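Heads up: the sequence shown runs through residues 1 to 40, numbered per the UniProt record's numbering. Backbone N, C-alpha and C fix where the C-beta goes; we use that ideal spot for every residue, glycine too. Owing to the predicted nature of the structure, the values given are computational and were not obtained by experimental measurement. Beneath this line is the structure, given in C-alpha cells, with notes to follow.
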Amino acid sequence: MALENLITVEELAEITGQSKEQLRKDREAASKMVRGSADE
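Below, the structure is given as C-alpha cells:
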C-alpha cells in the first residue's frame, strides 16, 4: 500500500459515515497489528 494513496480520517468519515473518533481507533488498532506481525 503506497502511503501517498491513503486518504485522511476526515475523508474516510465522509465516505463511510463513521465517526472520525471510531476511524482513528480502528486505524491505530490496525497499525498495532501490522507492527506486531512485523516483529515476529
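- The Cβ atoms of Lys25 and Val9 do not sit closer than 7 Å to each other.
- The Cβ atoms of Leu23 and Leu12 lie closer than 7 Å to each other.
- In the DSSP assignment, Ile15 falls within the alpha helix (DSSP H) that extends over Val9 to Thr16.
- It is roughly 21 Å from the alpha-carbon of Met33 to the alpha-carbon of Gln18.
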